[in-house]
Structure formats: C-alpha cells, structure tokens
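Inspection log for the structure reproduced underneath, given as structure tokens.
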Amino acid sequence: MDHITRPDEQDEYFFEEGCFILEMSHPDVDPEVSLARARVEPGKKTRFHRLKGTFERYIMLSGTGLVEVGDYPPTEVHPGDVVRIPPDTDQSITNIGEDDLVFFVVCNPHFLKSCYIDSEELRKSGS
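Using this note's numbering, read the sequence shown as starting at 5 and increasing by one per residue.
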C-alpha cells in the first residue's frame with residue numbers, strides 16, 4: 005500500500021547525535037515532512053545540535069527527559085508533551101528516567117543530513 009508505511013524495528017540505527025533513530029516517513033514517500041522515532045537510553049544525553057532551515061518538533065511518547073532549546077531554561081518533559089524547536093536553534097535532550105526516552109521527531113522541510121550541525125564543541129568554546 006502506497007499510503008501506509010510500516011517501519012521495521014530492525015532498521016533502527018544509532019545516529020551521531022547520541023540517540024537511536026527509526027525513520028517512519030521520509031522524502032521519497034512524503035516530500036513535505038519527515039517523521040522519525042528517536043530513542044535515548046537511560047542516563048544518556050544527545051549532543052547539542054541545530055538543524056539549518058528546518059523546524060523540528062518532539063512529541064514525547066514514553067520516559068522522562070530534560071530538554072534544552074535555545075535560550076530557554078532546561079525543562080522536564082513527559083509523555084504527551086510537544087517540544088517546538090525553531091530552525092537554527094541549539095537543542096539537546098537528556099534521559100533522566102530509568103527507562104528509554106522515546107519520542108517522535110517531525111521535521112519540515114524534511115530532515116537532510118546536510119542540515120545537521122553539531123554545535124556541542126561550539127558551545128564549549130563559547131562561539
């Protein structure tokens with residue numbers, strides 16, 4: 005069926021940001037947005053990063069996290085919360101719970117690896 009996507013759990017991969025990603029819908033089936041499931045293991049934190057020209061949303065599914073977005077103070081997030089991240093904004097999320105932190109990631113325009121900017125070192129150097 006062309007209108008239904010059934011992701012295969014075996015396609016989950018580790019991304020350099022520090023989390024596991026399962027692509028759910030990508031440009032070849034939905035050119036306007038991308039949808040992925042992200043998973044952060046207990047005690048782990050993703051690297052600070054930003055997406056050039058891409059608006060991102062996290063839809064929290066399970067677990068407890070501490071999200072850092074731009075100049076906002078770190079904020080605890082729980083299932084049902086939606087985090088909105090404007091384009092070109094530094095972000096990171098930490099799993100502060102005992103179980104996996106799982107959330108959907110919706111990007112528009114769709115995610116491109118070329119838009120991913122690792123800003124962890126820039127933040128450490130004060131740039």
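Quick reminder that beta carbons are idealized off the backbone N, C-alpha and C, glycines included.
Segment contact: the region 22 to 40 against the region 109 to 126, three or more CB-CB distances shorter than 8 Å; contact assigned. For R41, the uninterrupted beta strand (DSSP E) run begins and ends at 38 to 44, by DSSP. Annotation: the continuous alpha helix (DSSP H) that includes E124 extends over 124 to 129. Along the region 17 to 86, the beta strand (DSSP E) occurs as fully enclosed runs of 3 or more residues at 17 to 19, 23 to 29, 38 to 44, 53 to 55, 59 to 66, 69 to 73, 79 to 81, listed in sequence order. Take E60, set aside five residues on each side of it, and the residues of its chain with a beta-carbon closer than 6 Å to its own are I89, C111, in chain order. Assignment of beta-bridge partners to Q95 by DSSP yields H53, V73.
Around the beta carbon of R41, a 10 Å sphere encloses 16 or more other beta carbons of the protein chains shown; the residue is thus reported as buried.
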